[in-house]
Structure formats: structure tokens, C-alpha cells
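Comments concern the structure below.
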Amino acid sequence: MASALTEIGEEPFDSPGPQSIVSSALDELNRRYGTNMRGAHDLHEGDFDPPRGAFLVARQDGHLAGGVGLRPIVEPDLRTGEVKRLWVRPDLRRHGLAVDLMEAIVAAAAARGYAHLYLETGPRQPEARALYERLEWEQVDHYPPGAFTHDTGIRFHLSLALNPTAA
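Numbering of the sequence shown is given in our numbering, commencing with residue 1259 and proceeding in unit increments.
Set out below in C-alpha cells:
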């Protein structure tokens, strides 16, 4: 479990907290996959804007600790979302903060009426894959139409109707 002094809250995507999270995540992705990684820059202005989107930032003792985003996937009934850029500061990993962030983003998605969530991770991120499997996300072969996927990505799905933490 993350520290009792950790606070998770929604922040506008264009504010310093989310921008620092995304920059840090991209830096780590560039180190793992190289700087020409296709799809690393697939975030767009407005992706995380309310009411359908959100970007959650974790702060520990007031300092940036991690974050995660939720954006809609374009589809007819707007009940499908995508989790993007889960990232936790390296010195705070393996203490439950990623679990706390994932539970918070699932709750935020449920509150926005989403029925399905998807996410994608890469083959050089075994710790991310293990986390999503531990949190009972189902590995799937395909994303719904309207979402960018990387050709080597490992995709996961979570049905909120079946997830007790979403209620």
C-alpha cells in the first residue's frame, strides 16, 4: 500500500504535474525502446479533458510521485476508454502506488459511465505486464476501432461490469 501521505487527484492535463509525468514516462520509454519509437507520442490535446477524460496525479508529501490518464476511445456508444501513461517515480516503485493509481483510474472510469477499458504495454516492460495480470486485466489480441496500437504491443481489457473495484 502506498504511503498514507500519498494523495491522488485529478489535474488538468496541460498543467505541470501531468506534463512532468508524461515527459518522465516518455524518457523511460525512449531508454527502453529507442528515441524513434512509433506511437510514443500518440497523446493529443484534449485527450484527457473532462467529462470523458481524466489525468490523475499522485503526490507523496506534496512531491510528484506518479500518474495515469484516461481517455475515450472513439466508438458509437462512448462507453470504451483507454488507460494511458501509467508511471511511478522509480524510487517509489514496488510500494503499491501503481496499484493505487490503477484502482483510482478504474473508479474514475466507472464514474464516467465507461463499461470497458483497454491499455497497451510493450514487450520491454515485463513489470507492467505483471501488474496488469495481477490486477486481473485480460490480455486480448485486438483493440476496438479508433485507438492507435503498436504492432508489438501487448493489449489488455477490463470489463467494468465484472470488476468489483469499479463499483
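By construction, the Cβ of each residue, glycine as well, lies at the ideal position given by its N, Cα and C atoms.
Of the residues L1393, R1387, P1348, L1418, the one placed nearest G1411, counting alpha carbons only: Numbered from its first residue, the sequence shown carries residue 1411 at position 153. Selected option, being the one with the closest Cα: R1387.
Counting beta carbon pairs with one atom in the stretch 1354-1364 and one in the stretch 1313-1331, are three or more of them shorter than 8 Å? yes
CB-CB under 6 Å to H1415, same chain, minus the five flanking residues each way: which ones, in chain order? Here residue 1415 corresponds to residue number 157 of the sequence shown, with the count starting at 1. For H1415, where only same-chain residues beyond five positions count, the Cβ hits under 6 Å are Y1376, E1396, V1398.
Backbone CA spacing between R1310 and V1332 [nearest angstrom]: For the purposes of this step, residue 1310 is identified with residue 52 of the sequence shown, where counting begins at 1. For the purposes of this step, residue 1332 is identified with residue 74 of the sequence shown, where counting begins at 1. In a straight line, the C-alpha of R1310 is about 11 Å away from that of V1332.
Buried or exposed: P1276, going by 16 or more other Cβ atoms within 10 Å of its Cβ? Looking up residue 1276 in the sequence shown gives position 18. By the beta-carbon neighbour count (other beta carbons within 10 angstroms, threshold 16), P1276 is buried.
Using DSSP with H/G/I as helix, E/B as strand and the rest coil, what is L1393? Against the sequence shown, residue 1393 aligns to sequence position 135. L1393: coil per DSSP, three-state reduction.
Apart from the five residues on each side of it in sequence, which residues of its chain come closer than 7 Å, Cβ to Cβ, to P1274? As a first step, residue 1274 is located in the sequence shown; it is residue number 16 there, counting from the start. The answer is none, since no qualifying residue turns up.
Alpha carbon to alpha carbon, what distance is there between T1338 and L1287? Along the sequence shown, read from residue 1 onward, the residue named residue 1287 stands at position 29. Along the sequence shown, read from residue 1 onward, the residue named residue 1338 stands at position 80. Roughly 25 Å between the two C-alpha positions.
Between G1371 and the rest of its own chain, which residues show a CB-CB distance below 7 Å, the 5 nearest in sequence each way excluded? Walking along the sequence shown from the start, residue 1371 turns up at place 113. Contacts found: R1337.
So, helix, strand or coil for G1325, using DSSP? By 1-based counting over the sequence shown, the position of residue 1325 is 67. In this structure, DSSP gives G1325 an extended state, which the three-state scheme calls strand.
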